[in-house]
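Heads up: the sequence shown is residues 883 to 1199, going by the numbering used here.
Read through the structure below, which is laid out as structure tokens, and then see the notes.
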Amino acid sequence: MRAIQITEFGGPEVLRLAEVPDPVPQPGQLLIEVDGSGVNYADTHAVEDSYLSASTLPMIPGGEVVGRDQDGRRVVALTATGGYAERACAWAPMATEVPDEVSDAAALALVVQGLTAWNLLRTSARIAPGESVVVHAAAGGTGSLAVQLARRFGAGRIIATASTKEKRELALSLGADEALDADPEGLKERLVEANGGKKIDIVLEMTGGPVFDASLAALAPFGRLVTYGLASRQDPEPITAAKLMGRSRAVVGFWLMHALGRPDLHAEPMAELLRLVATGELKPQVGGTFPLSDARLVHEALRSRATSGKLVLDPRR
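Written as structure tokens, this is what we have:
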């Protein structure tokens, strides 16, 4: 079968199209004929072996697929690796049947990024009605869903950040009250000003470095900063107990892996998200569907912040 395989760690240049043997499902796994493979920012870390879990070589990247299982069911599934291919294996509990009303790309937008956005707000931030929420990278796959869900969950004021005017306009169209430039210079002051001069209750942060530092400084007493990525590949300033205690602030880490297998954090939210998309109440943003052979170009665009919404690879092309 055709797949994207890496035999050395590095940047997008190590992603190469190859002919590899078909995967063989273990007992309890589904073999899926892949119609679409989702691309996530975490994939760029896995390819360079800088992610939270170590990668091994040779590797077929990709953690999410949509397609047909051996029983003919249309499913969207999480895979540890192996997603950028014509066929992939997934453990049965990691697969969810997709309603006819939900497109392949929309389903892929939910299985990692939708579940992440839901859990960032509900599980980690424990959002309460009326609270202010900052969503960084608000035009991305996770951010664009987080803006919509924050509104649905009763946020009082939603402040988005994004790197371009077009991305900020998209965030506003999805329900953000304000959309700011993502430049970390002066970011703390801009966030507070956008919240009517008040500090922020919740920040969803996946950039790291100075954006993390400015976001933490903008938190109100009892505010929560939820960190779920390190897109800048820069660590923030060290955080001491005194810095947190002195202002009654919290920093919460989130990794979707810890939600998997828990019905209240995985199966039930996934069913809710699919239902909302099927009824048109939640609108995943699709950034484009590209041939499998273009995986390198897609990773380059993703790392350069030139994309918005969900990115999909088509293994049939």
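For glycine and all other residues, C-beta sits at the position ideal for the given N, C-alpha and C.
Please read these numbers as outputs of a predicted model, since none were measured by experiment.
How long is the line joining the alpha carbons of residue i and residue j, rounded to whole angstroms?
| i | j | result |
| --- | --- | --- |
| alanine 1019 | threonine 1043 | 6 Å |
| proline 943 | alanine 936 | 12 Å |
| phenylalanine 1094 | glutamate 1067 | 12 Å |
| methionine 883 | valine 993 | 24 Å |
| serine 1114 | phenylalanine 891 | 19 Å |
| glycine 920 | lysine 1049 | 21 Å |
| valine 1017 | glycine 954 | 38 Å |
| glutamine 1167 | glutamate 1075 | 28 Å |
| histidine 927 | histidine 1181 | 10 Å |
| leucine 1174 | leucine 897 | 10 Å |
| glutamate 968 | leucine 1086 | 34 Å |
| glutamine 887 | leucine 1112 | 24 Å |
| threonine 959 | methionine 1088 | For clarity, residue 959 is alanine in the given sequence; the question names threonine instead. Between alanine 959 and methionine 1088, the C-alpha separation is close to 24 Å. |
| alanine 970 | valine 984 | 21 Å |
| alanine 1100 | glutamine 1030 | 22 Å |
| leucine 1002 | phenylalanine 1136 | 7 Å |
| serine 1186 | leucine 1179 | 11 Å |
| alanine 1160 | methionine 1152 | 12 Å |
| leucine 1164 | leucine 1158 | 5 Å |
| histidine 1148 | leucine 997 | 7 Å |
| arginine 1039 | lysine 1125 | 26 Å |
| proline 1145 | threonine 1171 | 30 Å |
| arginine 1131 | alanine 1007 | 12 Å |
| glutamate 1150 | aspartate 982 | 19 Å |
| methionine 941 | phenylalanine 1104 | 43 Å |
| isoleucine 1041 | leucine 1138 | 24 Å |
| glycine 1057 | glutamate 1119 | 32 Å |
| glutamine 952 | alanine 1032 | 37 Å |
| alanine 989 | alanine 1037 | 25 Å |
| tyrosine 1110 | arginine 1199 | 32 Å |
| serine 1055 | proline 1197 | 32 Å |
Taking all protein chains shown into account, decide if residue i is buried (16 or more other Cβ within 10 angstroms of its Cβ) or exposed.
| i | result |
| --- | --- |
| lysine 1047 | exposed |
| glutamate 1013 | buried |
| valine 929 | buried |
| glycine 1079 | exposed |
| arginine 1034 | exposed |
| histidine 1140 | exposed |
| aspartate 1176 | buried |
| alanine 1123 | exposed |
| glutamate 1071 | exposed |
| methionine 1127 | exposed |
| aspartate 917 | buried |
| glutamine 995 | buried |
| glycine 945 | buried |
| serine 1026 | buried |
| glycine 910 | exposed |
| alanine 1010 | exposed |
| aspartate 1059 | buried |
| aspartate 925 | buried |
Does any residue of chain B bring its CB to less than 7 Å from the CB of residue i?
| i | result |
| --- | --- |
| proline 903 | This model lacks chain B altogether, as it is built from one protein chain only. |
Pull up the DSSP beta-bridge partners for residue i, would you.
| i | result |
| --- | --- |
| valine 1168 | Lys1192 |
| arginine 950 | Glu915 and Arg956 |
| aspartate 1063 | Ala1044 |
| methionine 941 | Ile888 |
| histidine 1135 | Correcting the residue identity first, residue 1135 is glycine in this sequence and not histidine. Bridge partners of glycine 1135: Thr1109. |
| serine 1014 | Arg1039 |
| alanine 977 | Ala959 |
| alanine 1021 | According to DSSP, alanine 1021 bridges with nothing at all. |
| leucine 1101 | Ile1082 |
| glycine 1090 | Gln1116 |
| glutamate 901 | Arg884 |
Are residue i and residue j close, meaning C-beta to C-beta below 7 Å?
| i | j | result |
| --- | --- | --- |
| alanine 972 | threonine 963 | no |
| alanine 1021 | alanine 999 | no |
| alanine 1064 | alanine 1053 | no |
| valine 1133 | leucine 1107 | yes |
| threonine 1005 | leucine 939 | no |
| glutamate 915 | arginine 956 | no |
| lysine 1192 | alanine 987 | yes |
| alanine 1272 | leucine 912 | Because the chain here runs from 883 to 1199, residue 1272 falls outside it and cannot be looked at. |
| glycine 1143 | glutamine 1116 | no |
| alanine 1102 | isoleucine 1082 | yes |
| alanine 977 | glycine 1023 | no |
| valine 1015 | isoleucine 1121 | no |
My understanding is that residue i touches residue j, with C-beta atoms under 8 Å, so please give their C-beta distance in whole angstroms.
| i | j | result |
| --- | --- | --- |
| leucine 1195 | tyrosine 933 | Their Cβ separation, rounded to whole angstroms, is 19 Å, which puts leucine 1195 and tyrosine 933 out of contact at 8 Å. |
| glutamate 1189 | glycine 1162 | The sequence as given places threonine at residue 1189; glutamate does not occur at that position. With 8 Å as the limit, threonine 1189 and glycine 1162 do not qualify as a contact, their Cβ atoms being about 24 Å apart. |
| valine 980 | valine 947 | That pair is no contact at about 11 Å. |
| valine 906 | alanine 885 | No, valine 906 and alanine 885 are not in contact; Cβ-Cβ is about 14 Å, not under 8 Å. |
| leucine 1184 | tyrosine 923 | 6 Å |
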